[in-house]
Amino acid sequence: DVVGLLGTARDIALGGGHACARRADRSIACWGSCGAGQCGDADSSWLGDRLSPVTVVGITTAEQVTAGTDHTCARLADGTARCWGRNYGALGDGTTVSARWSPVAVLGLSGVTDLDGGWHYTCSALADATARCWGQTG
Numbered sequence: 739d740v741v742g743l744l745g746t747a748r749d750i751a752l753g754g755g756h757a758c759a760r761r762a763d764r765s766i767a768c769w770g771s772c773g774a775g776q777c778g779d780a781d782s783s784w785l786g787d788r789l790s791p792v793t794v795v796g797i798t799t800a801e802q803v804t805a806g807t808d809h810t811c812a813r814l815a816d817g818t819a820r821c822w823g824r825n826y827g828a829l830g831d832g833t834t835v836s837a838r839w840s841p842v843a844v845l846g847l848s849g850v851t852d853l854d855g856g857w858h859y860t861c862s863a864l865a866d867a868t869a870r871c872w873g874q875t876g
């Protein structure tokens with residue numbers, strides 16, 4: 739059991755130093771190294787580790803959670819995606835902002851059926867049998 743999870747975990751995602759769980763109520767909680775916003779709790783003043791899970795703000799319809807090295811993304815029930823954490827383009831919000839401490843919409847993405855976070859990138863499978871990736875691919 740994860741102390742403080744406040745619900746049953748349906749999915750777990752592991753990043754470079756953080757972990758996130760999608761709860762049965764379709765919210766997400768994250769813990770671990772959160773210094774670049776990976777935990778999504780909108781607290782940019784906290785640059786250390788979160789020893790107990792914190793709830794990701796604004797996510798109430800998550801169908802999936804995935805994590806990259808320093809970022810996290812969620813697939814939502816409406817077929818869209820939201821990401822947060824260190825950017826490197828991996829958040830898909832069209833900015834070069836270094837980090838986001840709360841979820842932002844992935845621009846121009848709909849019909850998402852699967853998500854996968856990597857080093858500094860994210861990829862999605864779409865309902866039209868295509869795939870899209872964004873971020874720093876090296």
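Residue 743 in the numbering used here is what sits at position 5 of the sequence shown, and the numbering runs on without skipping anything.
All C-beta atoms, glycine included, are put in the ideal place defined by N, C-alpha and C.
Close beta carbons around residue i, own chain, < 7 Å, minus the five adjacent residues each side
i	result
G876	With a pLDDT of only 46 at G876, under the threshold of 50, the placement of this residue in the model should not be trusted; the figure read from the coordinates follows. No residues qualify anywhere along the chain.
D808	G753, G754, A774, Q776, G823 and R824
Y826	H858, G873 and Q874
Span of the beta strand (DSSP E) around residue i
i	result
S802	Per the sequence presented here, residue 802 reads as Gln, with Ser not at that position. Here the beta strand (DSSP E) through Q802 covers A800 to A805.
A828	It is not in any beta strand (DSSP E) - A828 carries neither H nor E in the DSSP assignment.
G873	A869 to Q874
W839	A837 to A843
Three-state class that DSSP yields for residue i in the structure shown
i	result
C861	strand
A815	coil
R760	strand
C768	strand
G823	strand
V792	strand
Sequence-distant residues of the same chain with beta carbon closer than 6 Å to residue i, five excluded per side
i	result
V803	D749, A751, C758, R760, I766 and A812
A865	G849 and T851
Burial state of residue i, where buried means 16 or more other Cβ atoms lie within 10 Å
i	result
T746	exposed
V792	buried
C871	exposed
V835	exposed
For residue i: DSSP bridge partner residues
i	result
D749	R760
W693	Residue 693 is absent from the structure shown; the chain starts at 739 and stops at 876.
D852	A863
Neighbourhood of residue i by C-beta distance below 8 Å, restricted to the same chain and skipping five residues each side
i	result
L845	G830, D831 and G832
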